[in-house]
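Chemist:
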Amino acid sequence: MAPSLITNNEPSDIQYTVEKLAALKPIGWSKSTKQQISGYDPEWADKLPETTKERYAKYDIDTSKGYPYIPTSDKIPKFVDEAHAIRNEEFPFIERGKNADPEKKALFGAAKDVINLTPYIGTEIVGLQLADLDDKQKDELALLIAERVVVFFKDQDLSPQKQLELGHYWGQVEVHPQAARISPEYNGVTVIWQEYQNDRTGLGLSFQKSKRGNSQWHSDLVHEFQTAGITHLHQDSTPDVGGETIWSSTYGAYDKLSPSFKKFLDGKTAIYKSAHIYLDRENPLRGPKHVEREHPIVRTHPATGWKYLFVNRSMTVRIVGLLPEESDLILNYLYSVIEENRDIQVTFNWQKQIPGLKSKNEGKKTYRGTSALWDNRIANHNVIHTNESIHGRHGTRVTSLADTGYYDPNSKSQRESLGLELD
Ligand SMILES: [Fe+2]
Numbered sequence: 001m002a003p004s005l006i007t008n009n010e011p012s013d014i015q016y017t018v019e020k021l022a023a024l025k026p027i028g029w030s031k032s033t034k035q036q037i038s039g040y041d042p043e044w045a046d047k048l049p050e051t052t053k054e055r056y057a058k059y060d061i062d063t064s065k066g067y068p069y070i071p072t073s074d075k076i077p078k079f080v081d082e083a084h085a086i087r088n089e090e091f092p093f094i095e096r097g098k099n100a101d102p103e104k105k106a107l108f109g110a111a112k113d114v115i116n117l118t119p120y121i122g123t124e125i126v127g128l129q130l131a132d133l134d135d136k137q138k139d140e141l142a143l144l145i146a147e148r149v150v151v152f153f154k155d156q157d158l159s160p161q162k163q164l165e166l167g168h169y170w171g172q173v174e175v176h177p178q179a180a181r182i183s184p185e186y187n188g189v190t191v192i193w194q195e196y197q198n199d200r201t202g203l204g205l206s207f208q209k210s211k212r213g214n215s216q217w218h219s220d221l222v223h224e225f226q227t228a229g230i231t232h233l234h235q236d237s238t239p240d241v242g243g244e245t246i247w248s249s250t251y252g253a254y255d256k257l258s259p260s261f262k263k264f265l266d267g268k269t270a271i272y273k274s275a276h277i278y279l280d281r282e283n284p285l286r287g288p289k290h291v292e293r294e295h296p297i298v299r300t301h302p303a304t305g306w307k308y309l310f311v312n313r314s315m316t317v318r319i320v321g322l323l324p325e326e327s328d329l330i331l332n333y334l335y336s337v338i339e340e341n342r343d344i345q346v347t348f349n350w351q352k353q354i355p356g357l358k359s360k361n362e363g364k365k366t367y368r369g370t371s372a373l374w375d376n377r378i379a380n381h382n383v384i385h386t387n388e389s390i391h392g393r394h395g396t397r398v399t400s401l402a403d404t405g406y407y408d409p410n411s412k413s414q415r416e417s418l419g420l421e422l423d
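Numbering follows UniProt numbering, in which position 191 of the sequence shown is assigned residue number 191; successive positions increment by one, without gaps.
#1: Between residue 167 and the rest of its own chain, which residues show a CB-CB distance below 8 Å, the 5 nearest in sequence each way excluded?
#2: Measuring from each Cβ to the nearest heavy atom of ligand 1, keep the ones under 6 Å and list them in chain order.
#3: Out of 138, 266 and 403, state which residue places its alpha-carbon closest to the alpha-carbon of residue 93.
#4: For residue 77, does the three-state DSSP call read helix, strand or coil?
#5: On the three-pair Cβ rule with 8 Å, is the stretch 188–205 touching the stretch 277–293?
#6: Terminal residues of the continuous alpha helix (DSSP H) containing residue 425?
#7: Residue 264 by DSSP, collapsed to three states: which one?
#8: Could you check if residue 115 is buried or exposed, using at least 16 other CB atoms within 10 Å of its CB as the buried criterion?
#9: Please specify which runs of the alpha helix (DSSP H), each continuous and at least 4 residues long, are wholly inside the stretch 128–190, giving them in chain order.
#10: DSSP puts residue 272 in a beta bridge; with which residues?
#11: Does the separation of the CB atoms of residue 432 and residue 250 fall below 9 Å?
#12: Going straight from the alpha carbon of residue 85 to that of residue 285, what length do you get?
#13: Going by Cα to Cα distance, which pick from 225, 382 and 153 is closest to residue 292?
#14: Ordered along the chain, which non-local residues of its own chain (more than five positions away) have a Cβ less than 6 Å from that of residue 502?
#15: Do the CB positions of residue 186 and residue 156 come within less than 9 Å of each other?
#16: List the DSSP bridge partners of residue 61.
#17: With a CB to CB cut of under 6 Å and the five nearest residues on each side skipped, what residues in its chain are close to residue 216?
#18: Pull up the DSSP beta-bridge partners for residue 348, would you.
#19: Any idea what DSSP makes of residue 115, helix, strand or coil?
#20: I want to see whether chain C comes within less than 9 Å of residue 147, judged by CB atoms only; does it?
#21: Check whether the stretch 264–275 and the stretch 320–340 are in contact - that is, three or more C-beta pairs closer than 8 Å.
#22: Going by CA-CA distance only, name the one from 338, 76, 394 and 307 that's closest to residue 53.
#23: Buried or exposed: where does residue 267 fall if 16 or more other Cβ atoms within 10 Å of its Cβ makes it buried?
#24: Could you check what DSSP says for residue 370 in three-state terms: helix, strand or coil?
#25: Tell me whether residue 307 sits in a helix, a strand or coil according to DSSP, three-state version.
#26: Span of the beta strand (DSSP E) holding residue 235?
#27: With a threshold of 6 Å on Cβ separation, who are the neighbours of residue 416 within its own chain once the five nearest residues in sequence on each side are excluded?
#28: To the nearest angstrom, report how far apart residue 339 and residue 370 are at their CA atoms.
#29: Terminal residues of the continuous alpha helix (DSSP H) containing residue 421?
#30: Determine the DSSP secondary structure at residue 375, reduced to helix, strand or coil.
#31: Over what stretch of residues does the alpha helix (DSSP H) that includes residue 252 continue unbroken?
#32: Should the stretch 334–349 be regarded as contacting the stretch 198–213, the criterion being three or more beta carbon pairs within less than 8 Å?
The structure is reproduced here in structure tokens:
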């Protein structure tokens with residue numbers, strides 16, 4: 001007779017319980033309410049927006065077996081120690097922006113226009129194809145992103161293959177153990193398709209619950225040993241209106257703090273968690289756990305040398321060394337600085353043209369997508385979603401992992417370095 005699942009702490013019973021749990025499907029995304037599916041999704045390839053289908057057809061992305069692809073159960077970690085072991089050691093990283101021309105002559109010289117959308121966050125480059133950039137321009141773009149936090153390119157003809165190649169240039173491309181992707185051949189190309197996520201994982205995004213998923217302030221992948229640097233989201237299909245993304249500069253948020261409070265935070269660390277959950281091998285019945293990782297709260301950007309705040313509401317657990325009440329109070333204040341100060345934020349419309357402008361009908365002309373490239377170290381972001389704006393929205397994301405994150409006590413803040421007033 002098989003031993004009962006209720007263990008009496010006999011080692012063989014525990015082993016049996018662990019094996020039974022390991023045979024179950026992975027738990028998946030922490031907010032998911034539905035059973036995770038795996039492999040090619042047979043029902044959704046036909047539901048891809050037309051412009052995504054056109055992009056994939058042009059660049060030989062085969063969706064005939066289904067779309068998107070979720071790694072099969074045997075490939076997904078089930079225990080938190082397995083997930084923690086992924087990329088748990090230093091990987092060589094070259095900060096491409098560090099030695100780039102500060103004037104960015106190669107990049108700006110080739111562009112038709114360079115438009116700063118606000119004084120210190122967000123720049124749009126006009127008249128340049130990301131796919132055509134040479135290495136010098138890519139280095140200058142890395143520096144521009146490090147300075148401006150997020151850089152936009154509209155009207156881009158960009159294959160997923162080229163997007164992946166660009167990602168490899170800027171760092172180790174993050175391969176998620178279980179997120180949806182185009183196919184197993186393109187593991188680093190994550191599918192960002194809220195309509196799919198809403199239906200398949202039970203995200204529950206609706207008009208009354210519009211603050212679900214990535215509509216909450218967050219930054220991506222902060223549980224990684226080397227956290228995300230340049231993150232490149234290419235939207236190949238956008239609804240006619242809505243779905244704006246907001247980025248907030250954490251250089252700016254740091255500079256909003258008083259000198260005494262900055263001094264208090266400098267050198268402190270916090271614990272950060274993953275979006276996905278796993279089982280604790282030592283105590284599998286206790287409930288799911290996140291991967292957790294410790295990083296400095298105030299970090300120094302290797303390319304600009306500027307200090308930035310590294311916290312976000314969704315994925316920061318606690319400040320190390322403080323009582324839980326103290327940590328909550330301070331973290332909530334820091335989140336409010338990041339989230340409520342509009343002067344350190346940029347809001348971006350993904351549409352090729354700003355909605356409402358009178359313009360001639362372009363008919364069935366192939367849509368050329370929009371790219372946003374942000375440095376995930378120095379930003380929090382948030383999408384304005386509602387039930388309507390997720391329809392017809394689809395993109396691919398490639399994330400280049402950056403440095404392990406360090407605090408240099410001799411580094412300056414952005415405003416100190418630029419000689420700007422602080423009060
Ligand atoms: Fe995100």
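Every residue, glycine too, gets a C-beta built ideally from N, C-alpha and C.
Modeler: Straight from the coordinates:
#1: Start at 1 with the first residue of the sequence shown, and residue 167 comes out as number 167. Cβ neighbours of residue 167 beyond the five flanking positions: 173, 188, 230, 232, 398, 399 and 400.
#2: 214, 218, 220 and 381
#3: Reading the sequence shown from its first residue, position 93 is the one you call residue 93. Among 138, 266 and 403, the Cα nearest to that of residue 93 belongs to 403.
#4: Here residue 77 refers to the residue found at position 77 when the sequence shown is read from its first residue. Residue 77: coil per DSSP, three-state reduction.
#5: no
#6: Here the chain comprises residues numbered 1 to 423, so residue 425 is not present and cannot be evaluated.
#7: As a position in the sequence shown, residue 264 is number 264, starting the count at 1. Correct three-state label for residue 264: helix.
#8: As a working note, residue 115 is residue 115 in the sequence shown. Exposed, because fewer than 16 other Cβ atoms sit within 10 Å of the Cβ of residue 115.
#9: 135–148 and 160–170
#10: Position 272 of the sequence shown, counted from the first residue, corresponds to residue 272. DSSP output for residue 272 lists 293 and 316 as bridge partner(s).
#11: Lying before the first or after the last residue shown, residue 432 is absent from the chain, which here runs from 1 to 423.
#12: For the purposes of this step, residue 85 is taken as residue 85 along the sequence shown, with counting starting at 1. For the purposes of this step, residue 285 is taken as residue 285 along the sequence shown, with counting starting at 1. Going from the Cα of residue 85 to the Cα of residue 285 covers about 21 Å.
#13: Counting from 1 along the sequence shown, the entry for residue 292 is found at position 292. Among 225, 382 and 153, the Cα nearest to that of residue 292 belongs to 225.
#14: Absent from the structure is residue 502, since the part of the chain shown begins at 1 and ends at 423.
#15: As a working note, residue 186 is residue 186 in the sequence shown. As a working note, residue 156 is residue 156 in the sequence shown. Result no, Cβ atoms of residue 186 and residue 156 do not sit closer than 9 Å.
#16: Here residue 61 refers to the residue found at position 61 of the sequence shown. Bridge partners of residue 61: none, in fact.
#17: Translated into positions along the sequence shown, residue 216 becomes position 216. Taken in chain order, the residues that qualify are 314.
#18: On the sequence shown, residue 348 is found 348 positions in, with the first residue counted as 1. According to DSSP, which records beta bridges pairwise, residue 348 is partnered with 245.
#19: Taking the first residue of the sequence shown as position 1, residue 115 is located at position 115. Three-state DSSP puts residue 115 in a strand.
#20: Within the model displayed, chain C is absent; a lone protein chain is all it includes.
#21: yes
#22: Position 53 of the sequence shown, counting from 1, holds the residue named residue 53. Checking every option, the nearest Cα to that of residue 53 belongs to 394.
#23: To locate residue 267, count along the sequence shown from 1; it is residue 267. So residue 267 counts as exposed.
#24: As a position in the sequence shown, residue 370 is number 370, starting the count at 1. Strand.
#25: In the sequence shown, the residue the question calls residue 307 occupies position 307. Correct three-state label for residue 307: strand.
#26: Here residue 235 corresponds to residue number 235 of the sequence shown, with the count starting at 1. Its beta strand (DSSP E) spans residues 228–237.
#27: By one-based count along the sequence shown, residue 416 stands at place 416. Correct list: empty, nothing qualifies.
#28: For the purposes of this step, residue 339 is taken as the residue at position 339 of the sequence shown. For the purposes of this step, residue 370 is taken as the residue at position 370 of the sequence shown. Rounded to the nearest angstrom, the two C-alpha atoms are 25 Å apart.
#29: Within the sequence shown, residue 421 is the residue found at index 421, counting from 1. Careful: residue 421 lies outside any alpha helix (DSSP H) and carries neither H nor E.
#30: As a position in the sequence shown, residue 375 is number 375, starting the count at 1. Here residue 375 sits in strand by DSSP.
#31: As a first step, residue 252 is located in the sequence shown; it is residue number 252 there, counting from the start. From DSSP, the alpha helix (DSSP H) with residue 252 extends over 250–255.
#32: no
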